[in-house]
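**Q**
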Amino acid sequence: MVDDAVFLEDCPASPIGHILALKSHLEGSGASLPIINMGSLNGVTIYLTYACSLRCIHCYLSAGKPLDDELKVDEWLIIIDKLRELGVKFIYLLGGKPTLLIKRACPY
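For what it's worth, this note's numbering labels the leading residue of the sequence shown as 3, then goes sequentially.
1. What are the boundary residues of the beta strand (DSSP E) that includes ILE93?
2. Within the same chain, show all residues whose beta-carbon is closer than 6 angstroms to that of GLU72, passing over the 5 residues directly before and after it, in chain order.
3. State the beta-bridge partners of VAL46 as determined by DSSP.
4. In chain order, what residues of the same chain lie with their CB nearer than 8 angstroms to the CB of MET3, ignoring the 5 residues before and after it?
5. Determine whether the beta carbon atoms of ILE48 and ILE81 lie at a separation below 9 angstroms.
6. Kindly indicate the opening and closing residues of the alpha helix (DSSP H) around GLU77.
7. For LEU95, which option in LEU56, ASP70, GLY30, LEU79 has the closest C-alpha, if you only look at C-alpha atoms?
8. Where does CYS54 land, buried or exposed, given buried means 16+ other C-beta within 10 angstroms?
9. How long is the line joining the alpha carbons of GLU87 and VAL75, rounded to whole angstroms?
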């Protein structure tokens, strides 16, 4: 089982991964991170699936077979609706080989 907090910190594609990288880059420079307004969401990163037919050497997910408890496309569409209601402008679809599910999610 993957520890979610560790995964988000280690994942170079996650927003927190970008923030932590920026923070470490700025340390010792006298500069500081911009204030982040936690009152609204601008973008969300969604890891759709672990399913992937490729075996890329650079893959940090070690993807392959989908997890037993992965959400179905219809469930992701409900989440996308809720994110839209919250004012989310950007959704980043990642994980495994997201194109296995994207054909149905993107036109939505």
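Idealized CB from N, CA, C, for every residue including glycine.
No experiment lies behind these values; they were computed from the predicted model shown.
**A** Taking the structure as given:
1. 92–96
2. THR51
3. ILE93
4. Note that MET3 scores a pLDDT of 49, beneath 50, so its modelled location is shaky; the value from the coordinates is reported in the next line. Correct list: empty, nothing qualifies.
5. By the CB criterion at 9 angstroms, ILE48 and ILE81 fall inside the cutoff.
6. 75–87
7. LEU79
8. Buried is the call here.
9. 19 angstroms
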